[in-house]
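Enquirer: In the numbering used here, the protein residues as written are 166 to 306.
#1: In terms of residue numbering, what span does the beta strand (DSSP E) encompassing residue 238 cover?
#2: For the beta strand (DSSP E) containing residue 222, name the first residue and the last one.
#3: Figure out for me which residue from 213, 228, 183, 267 has the closest Cα to the Cα of residue 351.
#4: In the DSSP assignment, what are the bridge partners of residue 295?
#5: In this structure, how does DSSP classify residue 169 when only helix, strand and coil are distinguished?
#6: Three Cβ pairs or more, each shorter than 8 Å: is that satisfied between the segment 294-302 and the segment 208-221?
#7: Put residue 184 into one of helix, strand or coil per three-state DSSP.
#8: Of all the options 185, 169, 262, which has the alpha carbon lying nearest to the alpha carbon of residue 198?
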């Protein structure tokens, strides 16, 4: 409806505090004559347990349901240098990759800092990066 602005639990948007905050900012911009929209195409979701659970984009099953062929890989944390350096190898990271293009289309992670790493995945998905382009980046540990 025109001239009605809302954010947070009273909307049909995903129920995450960061979505509500972003929607609130955009509502304020729109109330003052601006034109801001909330882009949820690569919205990460995190459950702050120990270890954390995080996801963004397609799961392998969702991709197959939508007719997308995938070439997915699951990496246990005992193969991740940062996890080894932190002496905490509980969990995994699963990359869902579009077959043919090599484009990253989804990530699921269970790890002590999954909520931190999922934002990198969200940016890669939003920017249509391939797994190779992501792998070529430098990640400090």
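Just so you know, even glycine gets a beta-carbon here, dropped at the ideal spot from N, CA and C. These figures come from a predicted structure and were not determined experimentally.
Expert: By the coordinates alone:
#1: Where residue 238 is concerned, the enclosing beta strand (DSSP E) stretches over 238-241.
#2: Residue 222 -> beta strand (DSSP E) spans 217-222.
#3: Any property of residue 351 remains undetermined from this structure, which presents the chain solely from 166 to 306.
#4: 268
#5: coil
#6: no
#7: Secondary structure at residue 184: helix, using DSSP grouped into helix, strand and coil.
#8: For residue 198, the nearest C-alpha among the options comes from 169.
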